[in-house]
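Q: Here's a structure for you.
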Ligand SMILES: [Mg+2]
């Protein structure tokens, strides 16, 4: 296989629970605005529920800055201040998540050895900024390991979407049969990849769908002859 496309969350690493990160975010906003953290959180939950009800593929508004900003606007902050503070608050959130990211120490070496034989990229429906923060935590500089990242900023869609395969194939300049998609979800990424003619590897405790290969975690990737 010439090229490998990796999903990120739950494939290359696992995420900590978001609770402590959310907590830090609202405490930060309380300090900056004087509005009670619990009140901010309650309103924010309503904003998020409303966004989700409008449909999961409503991608522009799925970012955390948007929901934080809407919350601040509700409490009477002006547009400019709400925008700046929501961006800072989301940074506080991601810093906490990234600090507690769960990953195997071997991951770096595994990816490095794959890079010797294949061209690598990451295709995730994260937004670029937070994805880079996570990958840099594990790899130091993600650019030393992957040629490029394809994110929701590029696809303008969330998974499942063909764009997460199409864009990497275009960038690598290869046919689907020359690429493999490695991800943790059959429904969100591998089903589409397989339908398009890519090879698929499921990284999941549980087997699901009809992947070409199945491993329980990223460390077992080295057992597959890609
Ligand atoms: Mg994933």
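Numbering (our numbering), first residue to last: 271 to 496.
Beta carbons are placed, not taken as given, at the ideal position from N, Cα and C, and that holds for glycine.
If the criterion is Cβ atoms closer than 8 Å, does the pair residue 256 and residue 337 meet it?
A: For the chain, the structure presents residues 271 to 496; residue 256 sits outside this window and is missing.
Q: Does the separation of the CB atoms of residue 363 and residue 305 fall below 8 Å?
A: In this structure, residue 305 does not lie closer than 8 Å to residue 363 by Cβ.
Q: What are the complete beta strand (DSSP E) segments, minimum 3 residues, inside the stretch 414-472?
A: List check, beta strand (DSSP E) in window: 418-420, 449-453.
Q: What residues are listed by DSSP as bridge partners for residue 279?
A: Per DSSP, 283.
Q: When you measure from the CB of residue 453 to every non-hydrogen atom of ligand 1, does any distance come out below 7 Å?
A: Correct: residue 453 has its Cβ closer than 7 Å to ligand 1.
Q: Would residue 278 and residue 404 qualify as a contact pair, given that the criterion is a beta-carbon distance under 8 Å?
A: Cβ atoms of residue 278 and residue 404: closer than 8 Å.
Q: In this structure, how does DSSP classify residue 374 when only helix, strand and coil are distinguished?
A: Reduced to three states, the DSSP call for residue 374 is coil.
Q: Residue 486 to residue 414, Cα distance in whole Å?
A: Whole-angstrom Cα-Cα distance: 26 Å.
Q: Is the stretch 425-439 touching the stretch 451-466, taking contact as three or more C-beta pairs under 8 Å?
A: Touching, per the Cβ criterion.
Q: Once you ignore the five residues that flank residue 406 on each side, which residues in its own chain have a CB closer than 7 Å to its CB?
A: Excluding sequence neighbours, residue 406 sits near 412.
Q: Which class does residue 485 belong to by DSSP, given the choice of helix, strand or coil?
A: Strand.
Q: Measure the C-alpha to C-alpha separation of residue 370 and residue 436 and round it to an integer number of angstroms.
A: One C-alpha to the other measures close to 32 Å.
Q: Have a look at 424, 318, 381, 334 and flag the residue whose alpha-carbon is nearest the alpha-carbon of residue 353.
A: The residue with the shortest Cα to Cα distance from residue 353 is 334.
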